[in-house]
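Visitor:
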Amino acid sequence: RKEVEQDPGPFNVPEGATVAFNCTYSNSASQSFFWYRQDCRKEPKLLMSVYSSGNEDGRFTAQLNRASQYISLLIRDSKLSDSATYLCVVTWTGNQFYFGTGTSLTVIP
Amino acid sequence: EAQVTQNPRYLITVTGKKLTVTCSQNMNHEYMSWYRQDPGLGLRQIYYSMNVEVTDKGDVPEGYKVSRKEKRNFPLILESPSPNQTSLYFCASRGGSYNEQFFGPGTRLTVL
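Protein chains in written order, with this note's numbering: chain A, 214 to 322; chain B, 1192 to 1303.
(1) The beta strand (DSSP E) with residue 1222 (chain B) in it runs from where to where?
(2) Flag this pair as touching only if the region 287–303 of chain A and the region 1211–1227 of chain B have three or more C-beta atom pairs under 8 Å; answer yes or no.
(3) Just tell me which of A:265, A:320 and A:262 has its CA closest to the CA of residue 297 (chain A).
(4) Any idea which residues DSSP pairs residue 264 (chain A) with across the strands?
(5) Pick helix, strand or coil for residue 1250 (chain B), following the three-state DSSP scheme.
(6) What are the residues of the region 256–268 of chain A that lie near chain B, defined by any Cβ-Cβ distance shorter than 9 Å?
(7) Let me make sure I understand the geometry here. Which of B:1245, B:1222 and B:1199 has the alpha-carbon closest to that of residue 1280 (chain B)?
(8) Quick one: is residue 264 (chain A) buried, meaning 16 or more other Cβ sit within 10 Å of its Cβ, or exposed?
(9) Residue 307 (chain A) bridges to which residues according to DSSP?
(10) Assuming the contact rule is C-beta atoms closer than 8 Å, residue 223 (chain A) and residue 317 (chain A) should be a hit. Round their C-beta distance to whole Å, please.
(11) Let me check understanding here. Comparing Cα to Cα, which of B:1303, B:1301, B:1297 and B:1302 lies closest to residue 253 (chain A)?
(12) Quick check on residue 221 (chain A): does DSSP put it in helix, strand or coil?
(13) Taking the beta strand (DSSP E) that residue 1205 (chain B) falls in, what are its first and last residues?
(14) Taking C-beta pairs closer than 8 Å, name the residues in chain B that residue 273 (chain A) reaches, listed in chain order.
(15) Name, in chain order, the residues that DSSP records as bridge partners for residue 1201 (chain B).
(16) Does the beta carbon of residue 1274 (chain B) sit closer than 7 Å to a beta carbon anywhere in chain A?
Written as structure tokens, this is what we have:
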């Protein structure tokens, strides 16, 4: 079983739509969670960390559900520039990081 | 400009010919790491380093070596590359307000 699993998509949504991604993790001792964005095989870049109480950054909202061992990312009012692959990242040691395979999003005009 | 640099960006080589991919960061980060990215498998951690002279295996260390003689540099060494090491490699360093990982631009390696 993979440590981190994501639905690969692709998700094709119209501009202005709301889209949500989920990511499940296997280790209940996981302590830190992140969402990264990766454009077209370029380097991943941090989108946001995920806090236990949930957190929001503009149009992006991240949630953590420890009981069910998943994290989610909600994007509201999708823009064309949101088209990318979104990577879920989990660590339980703080030094070894486990990435999901990514969820592909295309926002259509 | 704060950044992680990798060289070379592209490399085609043959089986068994030793190679080194360099990685350097100018952010004074203590933690550095190497990943490989393959279709359907995502990014997998090869090695990481907590500080100078301290390195540890990640998820897929077989066939790779690393060294950390200076804080800013973390080279990845393939002593005898094989075709299954054909991949996209990323170096990263960690630090900053959010303790996030900053990635280099990637090195696309093909082993024939």
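Idealized CB from N, CA, C, for every residue including glycine.
Guide: In brief:
(1) 1222–1229
(2) no
(3) A:320
(4) For residue 264 (chain A), which the question treats as bridged, DSSP gives no partner whatsoever.
(5) coil
(6) 256, 257, 258, 259, 261 and 262
(7) B:1199
(8) exposed
(9) Partner(s): none; residue 307 (chain A) has no beta bridge.
(10) 4 Å
(11) B:1297
(12) coil
(13) Unbroken run through residue 1205 (chain B): none, as it is neither H nor E.
(14) Per Cβ cutoff of 8 Å: no residues; residue 273 (chain A) is ~14 Å from chain B at best.
(15) B:1299
(16) no
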